[in-house]
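Visitor:
There are 2 protein chains.
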Amino acid sequence: MKIGILGTGMVGATLGTKLVQLGHQVKMGSRTATNEKAAKWVKEAGANGTQGTFADASAFGEIIFNCTKGDGAIDAVKAAGADNLNGKILVDVSNALDFSKGMPPSLIPSLSNTNSLGEEIQRTIPGAKVVKAFNTMNCVLMVNPTMVASGAHDFFMCGNDESAKATVLEIIKSFGWESIIDLGDITGARTMEMLLPIWVRLMMKFGNPNFNFKIVK
Amino acid sequence: MKIGILGTGMVGATLGTKLVQLGHQVKMGSRTATNEKAAKWVKEAGANGTQGTFADASAFGEIIFNCTKGDGAIDAVKAAGADNLNGKILVDVSNALDFSKGMPPSLIPSLSNTNSLGEEIQRTIPGAKVVKAFNTMNCVLMVNPTMVASGAHDFFMCGNDESAKATVLEIIKSFGWESIIDLGDITGARTMEMLLPIWVRLMMKFGNPNFNFKIVK
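Quick note, the sequences are listed as chains S and R, same order. Heads up, the first sequence is in the numbering used here, so the first residue is 1 and it goes up one at a time. Heads up, the second sequence is in the numbering used here, so the first residue is 1 and it goes up one at a time.
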């Protein structure tokens with residue numbers, strides 16, 4: 001598939017590399033068309049990796065992954081363009097972390113508890129089919145689930161559109177994930193994003209991000 | 001030990017019964033000294049179970065468990081009395097759930113994200129040693145961890161006082177818990193209370209509360 005990625009940080013680069021390895025065509029989008037981190041990624045990605053602006057990436061992709069930082073995500077999605085995103089699947093990977101009071105972070109108040117970044121993005125681009133996914137773990141684990149406990153842990157997702165979730169589910173499974181829990185409509189993003197504070201606290205306690213949540217029944 | 005319990009609902013009754021079974025003396029506290037639910041519990045609990053007001057329970061206990069509903073917890077703790085709680089361990093089991101917008105609940109805004117009920121209780125009674133514990137699961141599981149996956153799942157706790165946490169840890173272990181994760185000081189209560197929204201969502205999805213979180217490394 002053709003996939004656009006918003007955000008050239010570690011999350012975007014890691015997901016982009018995995019998607020290229022799986023045979024997808026990936027355009028990495030950033031504020032400027034010539035972003036240096038994206039250029040470095042393109043060089044390593046080979047023929048199926050290209051770069052451009054946020055709008056270039058969203059126009060290119062059949063599916064778009066939002067991998068920007070939480071405090072810039074709404075602006076990035078707006079720059080990607082409602083027209084370019086209309087009718088398409090927008091996978092929201094980002095977290096509205098607020099580091100203004102130091103570590104560990106809290107969530108941006110207006111995007112927590114009774115709202116979430118996933119919902120805010122769906123509200124900003126009503127024509128897109130937003131699927132919240134991948135936000136509850138470290139990016140290395142996102143694309144390599146078996147690195148922890150042979151993959152016996154859980155992947156959470158949610159979104160309003162069932163067929164969009166089914167399509168994203170196939171991509172998640174192609175990464176090696178076996179246990180995926182669908183939390184229902186996009187308001188489930190609140191509950192997924194509220195996992196971050198304990199995730200960060202555990203990361204600080206353990207001294208590494210190589211762990212994940214599992215729901216035990 | 002002598003233990004006071006604030007709140008005569010299912011959580012307080014279930015914890016109280018387990019504590020009596022383990023040989024502790026338990027006084028169940030409520031708004032009134034003759035609360036009917038507490039009277040019923042006392043009848044079943046036998047000689048080691050008594051009842052009284054919130055203040056009676058906190059004066060009686062060496063350790064006090066707050067099992068009141070989140071929206072009444074601060075008032076209940078105030079009624080229990082700073083003098084009665086001074087220097088004692090106060091185990092806060094409650095969750096600041098806000099059902100005013102229906103199911104699933106959100107958290108009470110002033111007690112979420114950058115604050116928590118655990119912290120607010122610690123701030124309300126500075127002389128108490130508040131330990132947040134037991135709030136991330138159903139009450140039947142609290143006292144019977146092996147009912148799910150032979151007990152192979154996690155119990156979270158936090159608090160400012162190390163010796164208080166060590167004492168509470170012994171009680172938790174006496175219930176059969178084997179994997180207890182100490183999240184540090186009382187600000188960890190934010191992260192524990194923010195687990196509730198996904199817990200409720202999962203409970204609605206599964207149709208029962210017989211599950212728990214496990215951190216897989």
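Don't be surprised by glycine CBs; every beta carbon is placed ideally from N, CA and C. As the structure is a prediction and not an experimental result, all values here were calculated from the model.
In this structure, how does DSSP classify Met-28(S) when only helix, strand and coil are distinguished?
Guide: Strand at Met-28(S).
Visitor: Should the region 91 to 108 of chain R be regarded as contacting the region 50 to 70 of chain R, the criterion being three or more beta carbon pairs within less than 8 Å?
Guide: The region 91 to 108 of chain R vs the region 50 to 70 of chain R: in contact.
Visitor: Given that Met-194(S) touches chain R, what residues does it touch there, using C-beta distances under 8 Å?
Guide: The answer, in chain order, is Met-194, Leu-195, Pro-197, Ile-198.
Visitor: Taking its Cβ as the centre, do 16 or more other Cβ atoms sit within 10 Å of Gly-29(S), making it buried, or is it exposed?
Guide: It is buried - the Cβ of Gly-29(S) has at least 16 other Cβ atoms within 10 Å.
Visitor: Give me the chain S residues within the contact set of Phe-211(R), using Cβ-Cβ distance strictly less than 8 Å, ordered along the chain.
Guide: Ordered by position in chain S, the residues that pass the 8 Å Cβ test against Phe-211(R) are Ile-215, Val-216, Lys-217.
Visitor: Starting from Gly-16(R) and walking both ways along the alpha helix (DSSP H), at which residues does that stretch end?
Guide: Counting along the chain, the alpha helix (DSSP H) containing Gly-16(R) begins and ends at 10 to 21.
Visitor: Among Gly-102(R), Gly-16(R), Lys-217(R), which residue has its Cα nearest to the Cα of Val-140(R)?
Guide: Nearest option by C-alpha distance: Gly-16(R).
Visitor: Please name the residue or residues paired with Cys-158(R) in a DSSP beta bridge.
Guide: Note: Cys-158(R) sits in a beta bridge opposite Lys-132(R).
Visitor: Hey, does His-153(R) have any beta-carbon neighbour from chain S nearer than 9 Å?
Guide: Answer yes: the Cβ-Cβ gap between His-153(R) and chain S drops below 9 Å somewhere.
Visitor: Going by the beta-carbon positions, is the gap between Phe-218(S) and Leu-117(S) smaller than 9 Å?
Guide: With chain S running from 1 to 217 in the structure shown, residue 218(S) is simply not present.
Visitor: Counting only Cβ pairs nearer than 7 Å, list the residues of chain S close to Thr-191(R).
Guide: Those are Pro-197, Ile-198, Arg-201, listed as they occur along chain S.
Visitor: So, under 8 Å CB-CB, Met-214(S) and Lys-217(R) are touching, yes? Tell me the CB distance rounded to an integer number of Å.
Guide: Per the sequence shown, the amino acid found at residue 214(S) is Lys instead of Met. With a Cβ gap of about 10 Å, Lys-214(S) and Lys-217(R) do not count as contacting.
Visitor: Check the DSSP bridge columns for Val-216(R) and list the partner residues they point to.
Guide: BP columns for Val-216(R) point to Asn-212(S).
Visitor: Could you compute how far the alpha carbon of Gly-81(S) sits from the alpha carbon of Glu-119(S)?
Guide: Taking the straight line from one Cα to the other gives about 17 Å.
Visitor: Rounded to whole angstroms, what is the Cα-Cα separation between Glu-162(R) and Leu-90(R)?
Guide: Rounded to the nearest angstrom, the two C-alpha atoms are 13 Å apart.
Visitor: Use the C-beta contact count for Asn-135(R): other C-beta atoms within 10 angstroms, 16 or more gives buried, fewer gives exposed.
Guide: Buried, since its Cβ has 16 or more Cβ neighbours within 10 Å.
Visitor: Compare the beta carbon distance of Met-192(R) and Asn-138(R) with 9 Å and say whether it is the shorter of the two.
Guide: Their beta carbons are not under 9 Å apart, which means Met-192(R) does not touch Asn-138(R) by this criterion.
Visitor: Does the Cβ of Gln-21(R) have 16 or more other Cβ atoms within 10 Å, making it buried, or fewer, making it exposed?
Guide: Per the 10 Å Cβ criterion, exposed.
Visitor: Starting from the beta carbon of Ala-149(S), find every residue of chain R whose beta carbon is closer than 8 Å, and list them in chain order.
Guide: Neighbours of Ala-149(S) on chain R, chain order: Val-216, Lys-217.
Visitor: Rounded to whole angstroms, what's the CA-CA distance from Ile-186(R) to Ile-108(S)? Just pull it up for me.
Guide: In a straight line, the C-alpha of Ile-186(R) is about 21 Å away from that of Ile-108(S).
Visitor: Between Ala-55(R) and Asn-84(R), which are expected to be in contact by the criterion C-beta below 8 Å, what is the C-beta distance as a whole number of angstroms?
Guide: Right, the Cβ-Cβ distance comes to about 6 Å (below 8 Å), so this counts as a contact.
Visitor: Does the region 145 to 154 of chain S come within contact of the region 173 to 182 of chain S, defined as at least 3 CB pairs closer than 8 Å?
Guide: Enough Cβ pairs lie closer than 8 Å, so yes.
Visitor: Is there at least one Cβ from chain S nearer than 9 Å to Leu-183(R)'s Cβ?
Guide: Closer than 9 Å to some Cβ of chain S, the Cβ of Leu-183(R) qualifies, so yes.
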